[in-house]
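Engineer: There's a structure below that I have some questions on.
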Amino acid sequence: MEAVATVSRPIVSAEHVSKWYGQVIGLNDVSVSVPPGVTGLLGPNGAGKSTFMKLITGQLRPSKGAIKVLGEPIWRNPKIYFQIGFCPEQDAFYERMTGLEWVRALVRLNGLGEKEADDAARAALAAVDLMEAANKKIGAYSKGMRQRVKMAQALVHDPQLLILDEPLSGMDPIGRRKTIRLIRDWGRAGKSIIVSSHILHEIESMTSNILLINNGRILAEGNIHQIRELIDKHPHSVYVRAQDPRRVAREFLENPEDDVRSMRFEAGAVVVETGRPDAFYARVTDMAATGEFGTIDEVTSPDDNLQAVFQYLVK
Amino acid sequence: MATPSTAPGYLPSALRVFDLSVGEMLWSRRTIFMALIVGAPVLIAIVLRLLDALGAPVFQVNGMQVAGPTVFGMMIWFFYLRFTVPVLGVFYGTSLIADEVEDKTITYLFTRPVPKGAVLLGKYLAYMACTVFVVLPSVVIVYLCVVPMRGSLGGSFLDLLKDLTLLVIGLAVYGAVFAVIGARFKRPLLVGLIFIFGWEQVALAFPGYLKRFTVAYYLQALVPHAMPNDNIVSMIQSFFRENPSLPEALFWLFAIMLGFLWIAAVSVERKEYVLEQ
Amino acid sequence: MPIHDQSYRHYGGGRAPAGRSWLVIAWAGIWTFLRKRAFLGVLLGTQIPFVIRAVQMWISANYPQASMVTPSAETFRAFLEQQSFWVFVITVYVGAGLIANDRRANALQIYLSKPLMRSEYILGKLAVLFSFLTIVTLVPALLLLLLKVLFDGNFTFLKNNLFVIPAITISALLQVLLASFTMLALSSLSKSARYVGILYVGITFFTSAIYGALYAITGSTRISWISIGANLEQVVDVIFRLKPRYATPWQVSLLVIIGLIVVSISVLERRVRGVEVVT
């Protein structure tokens, strides 16, 4: 019973929170409760994700409203940071220090002694697969290593809540996969994680619980599949530039199993509206591979992005 | 692994921040620049010593020989007290938090379970360590080069100790004052310079209570040497000079240091730091 | 109904002749500062000595008994010397970030990928600082001269001191060019405007402190060439036909000033590049 009570308490609760910087509104009357578990904060650049992150990590004070993290106000409440680990977006370090020195020095601020801090730092670096480079200066790290050492300092003190601001930014595909796996593992181990990104499929691979934000307002929250369904109801435009667009278009029309709803021609290209974008992309890939329909030079989706989703959601 | 759930106290937290910061501060470009600045009087002292050894009339003013201890006193006054100490106070004091904000590393310190004021105190202690570590050896070397010329090392040793203490106190007090300026003003460097080379110079030249609102007024009470004049402003200041007693000067200097450090800590606690995107 | 072309259209309007891009950079820089109220306040503050001197001119013209405040050529020299504090403040305020901020934002590559020469970029940045510094020195000094003539109601002072006009102009330009070039060169060395400000302050006061200490020790002003400020004072004294205040030959002081400007130009030439060559 106690576990249920613990699980039901939101890890972050914001009530009518607004934040403005002079004339610019960063967050506009946001009221949200983030449940325990892994939550993705999704929004385009400039949506207010970082502002929200900074508010819930106590770096900024709300201009209006109240924010509580783990049931307590966060502003000027340093003791709450025992339970919070924050991985910021910016690529900033003490470049002259080695990864181990840096993580160790930071965890000492949590009250650990020298030996305990060293052990904790090593454990954290091992968790992010960075032990081999632990004694290298951070200035010599690659972009992916820098992201990982940032995450190491966030989890070194074994916090209950991890807040990760764009943790996959600048990483190569292998690094992304590893980090996503780590985040899922931490979630399974019982940590609560709030992770922000502007890329839908990245968030999708980490969690099914998301918070959509745009223009400083929460647009939607909840299960990602519900939001996906909304996307699927809205037809996708796909732009196909080909050597012989009419030949390609004929093929689409002759085999309409991918729910081709409409079609129009542009110079050297055909733009198709489809209700099943994933299947349609796969088909175009097969067509390009066979070469029977001439060369297909470009396949893009002008609205396969969050902006289009948001535009649809705000319509 | 069980991690502590109570933070170390204020001072232990500050000391941990000191551990983290002192290495970064010591090997920064700023400190290299400072080392060059305090290296100049050392170079001058060595050159003067060599010239004197070669018989050149370097220590003669208006045909009169000037003793080494007097020259040492002049160098302490002109170079260290009137320039190095306040300028280092400005350079470092105004940048205690500003450097971290500019480098965007402040986030790591402010999302740890230590009070923000302790972060400032730790950085202040690191500033003291760096400046004392660089400035005091420079003074000692100048002393060793200059004083033996028509003077005695042993005889002036007490003056050396007083000068070293004076410089440490000056660094501490100016550092605290400029820590507040750094925490509260958008352009702390300019404000700091206007304070030292504008306000302090003017206030010291006027009779009355105005000079009590300067740091230099109390520091001058600790100077064991004569304070020569090199321009009209310093001549006017010497005309209106009135020194407080030593205990009074020490009391107010420590009060200023502690008071300004407290104000700086409170300012940092309450301020929001918006990092450049 | 004709269908209008919605696609990209190439610019078909007039273009300014080549070599005027520096004006764009200069105007943008000037407007950036003029939009800030705090800076306007500082700029107003720089005119306080002008107001005081103007009052002096008025008093001397209307109250012959106040002969002790009668202006002479030396008054204008003293005015320019007083303004050196404000020159310092404006140089640090305006100049520290001129190139440093561009380096910080990696904007140099963007600037120099346009049809813009490096010299135009430097000239544009220089013009920003130059403009504000002349507002602090040359403009008020010449205005004071004009006020003197207006308050007197005759050209007697001017006829008797005709050299004052070129003296003011050359002295002010020397002061402004020295400050502008050295600050711009320092600004090109770093990505942090704060650090550049510190460097400039350090170099300025450091040289003065060294000279002060050496003067106290040796009693001689022959070594005044060490101090940047002293060199400027020496040369300006000579320009205003006053007795030089230091024993250093004025030619040496002038050489030091010119040398500093040349070194600054050389630094700018090396540092203002689209890419950094690392060997």
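Chains as they are written, first to last, in our numbering: chain A, 5 to 319; chain B, 21 to 297; chain C, -19 to 259.
Glycine is no exception: its CB is placed at the ideal position from the N, C-alpha and C atoms.
Since this is a predicted model, take the numbers as computed values, not measurements.
1. Whether or not the segment 134 to 147 of chain A and the segment 45 to 52 of chain A are in contact is what I'm after, with contact meaning three or more pairs of Cβ atoms, one per stretch, closer than 8 Å; do they touch?
2. Taking a contact to mean a Cβ-Cβ separation below 8 Å, would you say ALA131 (chain A) touches GLY69 (chain A) in this structure?
3. Applying the 10 Å Cβ sphere with the 16-neighbour rule, what's the burial state of TYR238 (chain B)?
4. Using three-state DSSP, classify LEU224 (chain B) as helix, strand or coil.
5. Identify whether MET21 (chain B) lies in helix, strand or coil by the three-state DSSP scheme.
6. With DSSP as the reference, identify every bridge partner of ALA167 (chain A), one or two as the case may be.
7. Determine the chain B residues that contact TYR85 (chain A) at a beta-carbon separation under 7 Å, and present them in chain order.
8. In three-state terms, what does DSSP make of ASN114 (chain A)?
9. So, under 8 Å CB-CB, ARG36 (chain B) and LEU113 (chain A) are touching, yes? Tell me the CB distance rounded to an integer number of Å.
10. Which class does MET45 (chain B) belong to by DSSP, given the choice of helix, strand or coil?
11. Identify which residue in C:GLU249, C:VAL218, C:THR117, C:ARG174 has its Cα closest to the Cα of THR149 (chain C).
12. Quick check: what's the CA-CA separation for THR289 (chain A) versus GLU100 (chain C)?
13. If you draw a straight line from the alpha carbon of ASP133 (chain A) to that of MET210 (chain A), how long is it in whole angstroms?
14. Any beta carbon from chain A within less than 8 Å of VAL286 (chain B)'s own beta carbon?
15. Grouping DSSP H, G and I as helix and E and B as strand, with all else coil, what is GLN319 (chain C)?
16. Short of 6 Å in beta carbon distance, which residues of its chain neighbour PHE97 (chain A), apart from the five on each side in sequence? Order them along the chain.
17. Roughly how many whole angstroms lie between the Cα atoms of TYR243 (chain A) and PHE90 (chain A)?
18. Under the three-state reduction of DSSP, which class applies to ILE117 (chain B): helix, strand or coil?
19. In terms of residues, what are the limits of the beta strand (DSSP E) holding ASP133 (chain A)?
20. Within 8 Å (strictly less), CB to CB, does GLY64 (chain B) reach chain C?
21. Which chain A residues are close to LEU40 (chain B), counting only those with a beta carbon under 7 Å from its beta carbon?
22. Quick check: the Cα distance between ALA76 (chain B) and THR104 (chain B), rounded to an integer number of angstroms?
23. Assign ARG290 (chain B) to one of two classes, buried (16 or more other C-beta atoms within 10 Å of its C-beta) or exposed (fewer than that).
24. Report yes or no: is there a C-beta of chain B within less than 8 Å of the C-beta of GLN27 (chain A)?
25. Are the beta-carbon atoms belonging to VAL167 (chain B) and LEU173 (chain B) less than 8 Å from one another?
26. Beta-carbon separation of ALA225 (chain B) and PHE233 (chain B) under 8 Å?
27. Tell me whether the beta-carbon of PHE99 (chain B) lies closer than 8 Å to the beta-carbon of PRO157 (chain B).
28. Might you give, ordered along the chain, the residues of its own chain that have their beta carbon closer than 6 Å to the beta carbon of GLU225 (chain A), omitting 5 neighbours on each side?
29. Could you name the residues of the segment 33 to 57 of chain B whose beta carbon sits closer than 8 Å to any beta carbon of chain A, in the order they occur along the chain?
30. PRO249 (chain A): buried (16+ other C-beta within 10 angstroms of its C-beta) or exposed?
31. Hey, would you say LEU157 (chain C) sits closer than 8 Å to VAL215 (chain C), going by beta carbons?
32. Could you check what DSSP says for MET267 (chain A) in three-state terms: helix, strand or coil?
33. Under 6 Å Cβ to Cβ from VAL200 (chain B), same chain only, skipping five residues before and after it: list those, please.
34. Mind pulling the beta strand (DSSP E) runs of 3 or more residues that sit fully within the segment 82 to 109 of chain B?
35. Starting from the C-beta of ASP183 (chain B), find all residues in its chain whose C-beta is less than 6 Å away, skip the five residues before and the five after it, and write them out in chain order.
36. Output, in chain order, the set of chain B residues within a Cβ distance shorter than 7 Å of ALA96 (chain A).
Structural biologist: Working from what's here:
1. No: fewer than three Cβ pairs fall under 8 Å.
2. Position 127 of the first sequence, counting from 1, holds the residue named residue 131 (chain A). Position 65 of the first sequence, counting from 1, holds the residue named residue 69 (chain A). Not a contact, by the Cβ cut-off of 8 Å.
3. On the second sequence, position 218 is the one that residue 238 (chain B) refers to. Looking at its Cβ environment, which holds 16 or more other Cβ atoms inside 10 Å, TYR238 (chain B) is buried.
4. Translated into the one-based positions of the second sequence, residue 224 (chain B) becomes position 204. LEU224 (chain B) falls in the helix class under three-state DSSP.
5. In the second sequence, residue 21 (chain B) corresponds to position 1, counting from 1. Annotation note: pLDDT 47 at MET21 (chain B) (below 50); position unreliable, coordinate value reported separately. Three-state DSSP puts MET21 (chain B) in coil, outside helix and strand.
6. The count along the first sequence starts at 1 and reaches residue 167 (chain A) at position 163. Going by the sequence as given, residue 167 (chain A) is Ile instead of Ala. In DSSP, ILE167 (chain A) forms a bridge with A:PHE90, A:ILE198.
7. Taking the first residue of the first sequence as 1, we reach residue 85 (chain A) at position 81. Within chain B, the residues near TYR85 (chain A) are THR131, ARG132, PRO133.
8. Translated into positions along the first sequence, residue 114 (chain A) becomes position 110. It is coil, neither helix nor strand.
9. Counted from its first residue, the second sequence places residue 36 (chain B) at position 16. Counted from its first residue, the first sequence places residue 113 (chain A) at position 109. Sure, about 5 Å apart at Cβ, within 8 Å.
10. As a first step, residue 45 (chain B) must be located in the second sequence, where it is residue number 25. If DSSP states are grouped into helix, strand and coil, MET45 (chain B) belongs with the helices.
11. Against the third sequence, residue 149 (chain C) aligns to sequence position 169. Among C:GLU249, C:VAL218, C:THR117, C:ARG174, the Cα nearest to that of THR149 (chain C) belongs to C:THR117.
12. Stepping through the first sequence from its first residue, residue 289 (chain A) is reached at position 285. Stepping through the third sequence from its first residue, residue 100 (chain C) is reached at position 120. Looking at the two C-alpha atoms, the distance is approximately 51 Å.
13. As a first step, residue 133 (chain A) must be located in the first sequence, where it is residue number 129. As a first step, residue 210 (chain A) must be located in the first sequence, where it is residue number 206. Spanning the two alpha carbons is a distance of roughly 19 Å.
14. Stepping through the second sequence from its first residue, residue 286 (chain B) is reached at position 266. Not an interface residue.
15. Because residue 319 (chain C) is not part of the residues shown, which for chain C are -19 to 259, the question remains open.
16. As a working mapping, residue 97 (chain A) is identified with position 93 in the first sequence. So the list reads ILE142, once near-sequence residues are dropped.
17. By one-based count along the first sequence, residue 243 (chain A) stands at place 239. By one-based count along the first sequence, residue 90 (chain A) stands at place 86. Distance between the alpha carbons of TYR243 (chain A) and PHE90 (chain A): 40 Å.
18. Walking along the second sequence from the start, residue 117 (chain B) turns up at place 97. If DSSP states are grouped into helix, strand and coil, ILE117 (chain B) belongs with coil.
19. What you label residue 133 (chain A) is simply residue 129 of the first sequence in a count that begins at 1. Here ASP133 (chain A) belongs to no beta strand (DSSP E), and DSSP marks it neither H nor E.
20. Taking the second sequence and counting its residues from 1, one reaches residue 64 (chain B) at position 44. The displayed chain sequence assigns Ile, not Gly, to residue 64 (chain B). Chain C, which has a Cβ nearer than 8 Å to the Cβ of ILE64 (chain B), makes this yes.
21. Residue numbering aside, residue 40 (chain B) sits at position 20 when the second sequence is read from its first letter. The answer, in chain order, is ALA109.
22. Sequence index remark: in the second sequence, residue 76 (chain B) carries index 56 (1-based). Sequence index remark: in the second sequence, residue 104 (chain B) carries index 84 (1-based). Distance between the alpha carbons of ALA76 (chain B) and THR104 (chain B): 28 Å.
23. Within the second sequence, the letter at position 270 stands for residue 290 (chain B). Exposed: under 16 other Cβ atoms inside 10 Å.
24. Against the first sequence, residue 27 (chain A) aligns to sequence position 23. So no, GLN27 (chain A) is outside the interface.
25. As a position in the second sequence, residue 167 (chain B) is number 147, starting the count at 1. As a position in the second sequence, residue 173 (chain B) is number 153, starting the count at 1. The answer is yes: Cβ separation under 8 Å.
26. Taking the second sequence and counting its residues from 1, the one referred to as residue 225 (chain B) is at position 205. Taking the second sequence and counting its residues from 1, the one referred to as residue 233 (chain B) is at position 213. With contacts defined as CB atoms closer than 8 Å, ALA225 (chain B) and PHE233 (chain B) fail to qualify as a contacting pair.
27. Against the second sequence, residue 99 (chain B) aligns to sequence position 79. Against the second sequence, residue 157 (chain B) aligns to sequence position 137. Not in contact: PHE99 (chain B) and PRO157 (chain B) (Cβ atoms no closer than 8 Å).
28. The sequence position of residue 225 (chain A) within the first sequence is 221, counting from 1. Closer than 6 Å at Cβ, skipping near neighbours: LEU215.
29. Taking a C-beta cut-off of 8 Å against chain A, the contacting residues of the segment 33 to 57 of chain B are SER33, ARG36, VAL37, ASP39, LEU40, GLY43, GLU44, TRP47, listed in chain order.
30. Numbered from its first residue, the first sequence carries residue 249 (chain A) at position 245. So PRO249 (chain A) ends up on the buried side.
31. One-based indexing of the third sequence puts residue 157 (chain C) at position 177. One-based indexing of the third sequence puts residue 215 (chain C) at position 235. Going by C-beta atoms, LEU157 (chain C) is not nearer than 8 Å to VAL215 (chain C).
32. If you number the first sequence from 1, residue 267 (chain A) lands on position 263. Correct three-state label for MET267 (chain A): strand.
33. The residue given as residue 200 (chain B) occupies position 180 in the second sequence. Closer than 6 Å at the Cβ level, and outside the excluded window around VAL200 (chain B), lie PHE280, ILE283, ALA284.
34. none
35. For the purposes of this step, residue 183 (chain B) is taken as residue 163 along the second sequence, with counting starting at 1. For ASP183 (chain B), where only same-chain residues beyond five positions count, the Cβ hits under 6 Å are ILE96.
36. Counting from 1 along the first sequence, the entry for residue 96 (chain A) is found at position 92. One finds ASP123, LYS124, THR125 in chain B with Cβ atoms closer than 7 Å to the Cβ of ALA96 (chain A), taken in chain order.
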